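Undergrad: Here it is: the structure, laid out below.
Number of protein chains: 2
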Amino acid sequence: MNCESPLLTDLYQLNMMQAYLDRGETQTAVFEFFARTLPARRGFLLAAGLEQALDYLESLRFSASDLDWLKSTGRFKANLLDYLRGFRFDGDVHAMAEGTAFFAGEPILRVTAPLPAGQFVETRLINILHYQSLIAAKAARCVLAAPGKVLVDFGFRRAHGAEAGLLAARASYIAGFAGTATVLAGQKFGLPLYGTMAHSFIESFDDEILAFESFARSRPDNLVLLLDTYDTEAAAHKVVALAPKLKAAGIAIRAVRLDSGDLVALAKSVRKILDAGGLAEVTIFASGGLDEDALAEFARHNAPIDGFGIGTSLTTSADVPAVDCVYKLQEYAGLARRKRSVQKATWPGRKQVWRRYGADGRMRGDVLAREGHDKDGEALLHPVMQNGQRVRPPEALDAIKRRARGALERLPEPLRRLHPDATYPVEIAPELVALAAEVDRRQQSHGASAG
Amino acid sequence: MNCESPLLTDLYQLNMMQAYLDRGETQTAVFEFFARTLPARRGFLLAAGLEQALDYLESLRFSASDLDWLKSTGRFKANLLDYLRGFRFDGDVHAMAEGTAFFAGEPILRVTAPLPAGQFVETRLINILHYQSLIAAKAARCVLAAPGKVLVDFGFRRAHGAEAGLLAARASYIAGFAGTATVLAGQKFGLPLYGTMAHSFIESFDDEILAFESFARSRPDNLVLLLDTYDTEAAAHKVVALAPKLKAAGIAIRAVRLDSGDLVALAKSVRKILDAGGLAEVTIFASGGLDEDALAEFARHNAPIDGFGIGTSLTTSADVPAVDCVYKLQEYAGLARRKRSVQKATWPGRKQVWRRYGADGRMRGDVLAREGHDKDGEALLHPVMQNGQRVRPPEALDAIKRRARGALERLPEPLRRLHPDATYPVEIAPELVALAAEVDRRQQSHGASAG
């Protein structure tokens, strides 16, 4: 499945482009990407996906076969096909750094480009930024719910397609996961890889202890044995029985994995069995339908589990599989714009987000302001692309991961909870309110005169 | 983003493959893919994704650079790397045809292959089959909730990555959608494309009626005008005012689109405005956060809406973003196998699903049986691949779509409801129950002896 084509867009983008070109509407437009609202169980989102968004903008090209196919549809005129033949994204981009916490109404990316180009890239930019920011936030909730634990992305198989699985591995690593089971994500992003064995491995042997020994001899490094194929506690005793033989062969058991049953109770009994068998250094890893709520439960019960594989709930963000993120026209031909649709009105114009911190280092509140009207605090949007070229090389993932850790540490305490019982204060600067009123007056007068 | 790599797999598949090769465990294994349970709001699932699964199996190859990278990780021995160098999937596949309704416990795909190969493909096969079957079922719910309406996939932007957006377009078309807004899905799968304009188009003009006219002159075919940027009813009056001028230019307005507000009330008032203005033939299309429940509400209120764009709720299957689908070892080296983990026990051995129909043509119940123990009814699993080669060319999408329509028509009435208040009867054949007991006895005796 080709995930690089310029045709990864909505038909209406090409329709609009045709109309813009016909009328010569190619002046500078400004679009911003932001979340309109946050869902009930999300006190914050975590910006992620910027590098893939910039990759997309830098490499956007229509091939001869793309153009032939577009022509063959009979939908488009020669002026549009000519325009697309030489099309390059040559606009400017401002963005929040990946790993930054953000809130409803705050742009994390701004595109400044000729109207047809700025409009065209909407569909894929939303597709990239929405998913990674969604997953980074979900992963951050897991991280907050399991302090000090090793968390690993196990969710490729039920992610929504290949790209989702890969990008979820990246986004969860940014948010604080230790790594992923997805091999291609290891290759592509340099992520640490984790993996053990499946139940089918055990079942393919007639004898569970023989399966353990066989696996140990083939994969002696970072050896993890899966205990719950038949009877978890019986399997733990087998591990104890097998350990001396493996030790004699120079093989140390690193961990055991539990994947079903009452994990709190099983972890406690397995811990006892291992400790009594002289395997206190063997850690316990758990998986199987886990999410941040399960992690919080384990913490409450002091379950002796050292690490967790988080699968489907992570890669599908199962409780909140989408956030209402949009990419909206904020200015065209020097004039601020906004949509006034019921419950969908947006703040017009080019904006900047200013973040203030308290004496304790915690985030205290943001101001959403017009660009050029500076406020106290840290400005969060920075230039990342000029004339279609990145202004700096891609950021190292570990630098992004450190930023995200800092962001989580500095979140106000109520927002760090799984059920956030506060809304982060985002103040709208008076100049922005005034601009919105001005835009409404202008648009209203035009709307009325034409009605 | 490369969505074709053989490294789209979990690390544990390679770990197990190493162990299998080391021990010479390369006899024939049988794996089946099935849903363990159905979520509360799903009375059925709809098989989809088989063609992409077969594409994956047929094209699976490790390139020199894949092998170099695997070697560079230091995790794998020469025998595994040698094996992967010449690796081809050379197994057999049996499957339910796409567009077939299926239920918990029923395999929709069976792989018969040497153990390392059959195991290795698990991750990506689940990834492909789970997502498309999930989306086909979600789309089918929309189709059942909106009889006679035109439904269009608008959901690429908030789909989880590019591949999800593309495959959702395909799966929803199979389930009865008329088409998609995603251009690449039109190119790749030959799907009908739909698209209008965005609010930003209207906002980029100072004057709404001028925006309408400009768009109409550029996109005169299948012209759809978006009404809710500022004031929906005022915009409807503008459409009426503009229509004669467009008609004189040979341009007919095909439809108007509503994307926000109280859609039932707005559709009724817009319908009146259009009818009074002599535009009875202009249809009304609605979009904006819709799902099957909204469609059912519109039907209850007789909202005069002719077609719907369904976005995020479709492509993320928002109420049920994942189903508990698995791919399990059922037989190895001639012996049936099964996992007995708590609440995760499965029926062992190679299976066939037999479907019976009543005199009214409706589905009456299925029997899950051992292969070779024929039952009354229609056998649903058929050979689709032998020795790694498809046994027939890919099926035309419209043939799959017809099959799906038939499947929905023949569902028992209670399962066609959005809140299914019945469970479809799936009987376990006595031979299968006996086989499970036999497997348990065999596995238990081995487990005990080794404990």
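For the protein sequence lines, the chains are B and U, in the order given.
Quick note on the numbering used here: the first sequence kicks off at 1217 and runs consecutively.
Quick note on the numbering used here: the second sequence kicks off at 1217 and runs consecutively.
Idealized CB from N, CA, C, for every residue including glycine.
Since the model is a prediction, treat every value here as computed from it, not as a measurement.
Please specify which runs of the beta strand (DSSP E), each continuous and at least 3 residues long, are wholly inside the stretch 1616-1656 of chain B, giving them in chain order.
TA: Listed in chain order, the complete beta strand (DSSP E) runs (minimum 3 residues) inside the stretch 1616-1656 of chain B are 1642-1644.
Undergrad: Indicate the three-state DSSP secondary structure (helix, strand or coil) for B:Glu1379 in the structure shown.
TA: Taking the first sequence and counting its residues from 1, the one referred to as residue 1379 of chain B is at position 163. Three-state result, B:Glu1379: helix.
Undergrad: For B:Arg1357 and chain U, any beta-carbon pair shorter than 8 Å?
TA: Numbered from 1 along the first sequence, position 141 holds the residue referred to as residue 1357 of chain B. It does not: the Cβ of B:Arg1357 has no partner Cβ on chain U nearer than 8 Å.
Undergrad: Would a check of beta-carbon distances place B:Lys1567 closer than 8 Å to chain U?
TA: As a first step, residue 1567 of chain B is located in the first sequence; it is residue number 351 there, counting from the start. Taking Cβ atoms only, chain U never reaches closer than 8 Å to B:Lys1567, which makes this a no.
Undergrad: Identify whether U:Pro1599 lies in helix, strand or coil by the three-state DSSP scheme.
TA: One-based indexing of the second sequence puts residue 1599 of chain U at position 383. Strand at U:Pro1599.
Undergrad: Are the CB atoms of U:Ala1263 and U:Thr1316 within a distance shorter than 8 Å?
TA: Here residue 1316 of chain U refers to the residue found at position 100 of the second sequence. Here residue 1263 of chain U refers to the residue found at position 47 of the second sequence. Closer than 8 Å, so yes.
Undergrad: Here's the rule: buried if 16 or more other CB atoms are within 10 angstroms of the residue's CB, otherwise exposed. What is B:Asn1231?
TA: Walking along the first sequence from the start, residue 1231 of chain B turns up at place 15. Counting Cβ neighbours within 10 Å, B:Asn1231 comes out buried, since at least 16 surround it.
Undergrad: Under the rule that 16 or more other beta-carbon atoms within 10 Å means buried, what is B:Lys1463, buried or exposed?
TA: Walking along the first sequence from the start, residue 1463 of chain B turns up at place 247. Flag for B:Lys1463 reads exposed.
Undergrad: Show which residues of chain B have a CB atom less than 7 Å away from the CB atom of U:Trp1285.
TA: Locating residue 1285 of chain U in the second sequence gives position 69, where the first residue counts as 1. Neighbours of U:Trp1285 on chain B, chain order: Gln1403.
Undergrad: Give me the Cα-Cα distance between B:Gly1395 and B:Ala1256, rounded to the nearest whole angstrom.
TA: Taking the first sequence and counting its residues from 1, one reaches residue 1395 of chain B at position 179. Taking the first sequence and counting its residues from 1, one reaches residue 1256 of chain B at position 40. Cα to Cα, the separation comes out at about 28 Å.
Undergrad: Under 7 Å Cβ to Cβ from B:Gln1234, same chain only, skipping five residues before and after it: list those, please.
TA: In the first sequence, residue 1234 of chain B corresponds to position 18, counting from 1. Cβ neighbours of B:Gln1234 beyond the five flanking positions: Phe1292, Lys1293, Leu1296.
Undergrad: What does B:Val1600 reach in chain U if we use C-beta pairs closer than 7 Å?
TA: Along the first sequence, read from residue 1 onward, the residue named residue 1600 of chain B stands at position 384. In chain order: nothing, as chain U lies at least about 20 Å away.
Undergrad: Find the residues of chain U that neighbour B:Ser1434, judging by a C-beta separation of less than 7 Å, and give them in chain order.
TA: The residue you call residue 1434 of chain B lines up with position 218 of the first sequence. Ordered by position in chain U, the residues that pass the 7 Å Cβ test against B:Ser1434 are Gln1234, Ala1235, Asp1238.
Undergrad: Within 8 Å, do at least three Cβ pairs link the stretch 1565-1579 of chain U to the stretch 1436-1451 of chain B?
TA: Remark: fewer than three beta-carbon pairs, one from each stretch, lie closer than 8 Å, so the stretch 1436-1451 of chain B and the stretch 1565-1579 of chain U are not flagged as touching.
Undergrad: My guess is that U:Leu1341 and U:Tyr1236 are in contact by the Cβ rule of under 8 Å, so how many angstroms apart are they, rounded?
TA: The residue you call residue 1341 of chain U lines up with position 125 of the second sequence. The residue you call residue 1236 of chain U lines up with position 20 of the second sequence. In fact, because the Cβ distance is near 18 Å, the residues do not count as touching under 8 Å.
Undergrad: Could you spell out the range, first to last residue, of the alpha helix (DSSP H) harbouring U:Tyr1299?
TA: Here residue 1299 of chain U refers to the residue found at position 83 when the second sequence is read from its first residue. Here the alpha helix (DSSP H) through U:Tyr1299 covers 1294-1301.
Undergrad: Contact check, B:Glu1322 vs B:Ile1616 under 8 Å by CB: the rounded distance?
TA: Position 106 of the first sequence, counted from the start, is the residue given in the question as residue 1322 of chain B. Position 400 of the first sequence, counted from the start, is the residue given in the question as residue 1616 of chain B. With 8 Å as the limit, B:Glu1322 and B:Ile1616 do not qualify as a contact, their Cβ atoms being about 18 Å apart.
Undergrad: What are the start and end residues of the beta strand (DSSP E) that includes U:Met1312?
TA: As a first step, residue 1312 of chain U must be located in the second sequence, where it is residue number 96. Start and end: 1308-1312.
Undergrad: Quick check: what's the CA-CA separation for B:Thr1225 versus B:Ser1288?
TA: Counting from 1 along the first sequence, the entry for residue 1225 of chain B is found at position 9. Counting from 1 along the first sequence, the entry for residue 1288 of chain B is found at position 72. Roughly 18 Å between the two C-alpha positions.
Undergrad: In the DSSP output, which residue or residues are listed as bridge partners for U:Ala1251?
TA: Locating residue 1251 of chain U in the second sequence gives position 35, where the first residue counts as 1. Partner(s): U:Cys1541.
Undergrad: Does the Cβ-Cβ distance between B:Phe1303 and B:Leu1545 come in under 8 Å?
TA: Here residue 1303 of chain B corresponds to residue number 87 of the first sequence, with the count starting at 1. Here residue 1545 of chain B corresponds to residue number 329 of the first sequence, with the count starting at 1. No, the pair does not count as a contact, with Cβ atoms beyond the cut-off.
Undergrad: Using a Cβ-Cβ cut-off of 8 Å, state whether B:Thr1328 counts as contacting chain U.
TA: Translated into positions along the first sequence, residue 1328 of chain B becomes position 112. Chain U contact via Cβ: absent.
Undergrad: Using the beta-carbon of each residue, which ones in chain B are nearer than 7 Å to U:Lys1555?
TA: For the purposes of this step, residue 1555 of chain U is taken as residue 339 along the second sequence, with counting starting at 1. Ordered by position in chain B, the residues that pass the 7 Å Cβ test against U:Lys1555 are His1415, Glu1419, Thr1445.
Undergrad: Give the C-beta separation of U:Gly1259 and U:Leu1345 to the nearest angstrom, bearing in mind that I take them to be a contact with Cβ-Cβ under 8 Å.
TA: On the second sequence, residue 1259 of chain U is found 43 positions in, with the first residue counted as 1. On the second sequence, residue 1345 of chain U is found 129 positions in, with the first residue counted as 1. Not a contact, Cβ separation roughly 19 Å.
Undergrad: In terms of DSSP beta bridges, what is B:Val1366 paired with?
TA: Along the first sequence, read from residue 1 onward, the residue named residue 1366 of chain B stands at position 150. B:Val1366 pairs with B:Gly1523.
Undergrad: Among residues of its own chain, excluding the 5 on either side of B:Leu1672, which ones have a beta-carbon nearer than 6 Å to its beta-carbon?
TA: Nothing about residue 1672 of chain B can be reported from this structure: the residues present for chain B run from 1217 to 1667 only.
Undergrad: Where DSSP assigns a beta bridge to U:Phe1431, which residues make up the other side?
TA: Translated into the one-based positions of the second sequence, residue 1431 of chain U becomes position 215. In DSSP, U:Phe1431 forms no bridge with anything.
Undergrad: Is the Cβ of B:Arg1374 closer than 8 Å to any Cβ of chain U?
TA: Counted from its first residue, the first sequence places residue 1374 of chain B at position 158. Cβ-Cβ to chain U under 8 Å: yes for B:Arg1374.
Undergrad: Give a yes or no on contact between the stretch 1647-1663 of chain B and the stretch 1408-1416 of chain B, applying the rule of three or more CB pairs nearer than 8 Å.
TA: no
Undergrad: Show which residues of chain U have a CB atom less than 8 Å away from the CB atom of B:His1346.
TA: Position 130 of the first sequence, counted from the start, is the residue given in the question as residue 1346 of chain B. Those are Arg1373, Arg1374, listed as they occur along chain U.
Undergrad: Short of 9 Å Cβ to Cβ, which residues in the stretch 1454-1474 of chain U face chain B?
TA: Legend: CB atoms of the stretch 1454-1474 of chain U lying less than 9 Å from CB atoms of chain B belong to residues Lys1454, Ala1457.
Undergrad: How many angstroms separate the CA atom of U:Gly1290 from the CA atom of B:Asp1437?
TA: Translated into positions along the second sequence, residue 1290 of chain U becomes position 74. Translated into positions along the first sequence, residue 1437 of chain B becomes position 221. Taking the straight line from one Cα to the other gives about 11 Å.
Undergrad: Does the stretch 1423-1436 of chain B touch the stretch 1465-1474 of chain B, meaning 3 or more C-beta pairs lie closer than 8 Å?
TA: yes
Undergrad: Which of helix, strand or coil does DSSP assign to B:Thr1225?
TA: The count along the first sequence starts at 1 and reaches residue 1225 of chain B at position 9. Assignment of B:Thr1225 by DSSP, reduced to helix, strand and coil, places it in the coil class.
Undergrad: If the cut is a Cβ gap below 7 Å, which residues of chain B does U:Pro1537 touch?
TA: On the second sequence, residue 1537 of chain U is found 321 positions in, with the first residue counted as 1. Residues of chain B passing the Cβ test: Thr1532, Ala1534, Pro1537.
Undergrad: Do we get a CB-CB distance below 8 Å when we pair B:Ser1503 with the residues of chain U?
TA: On the first sequence, position 287 is the one that residue 1503 of chain B refers to. False, the Cβ-Cβ gap to chain U never drops below 8 Å.
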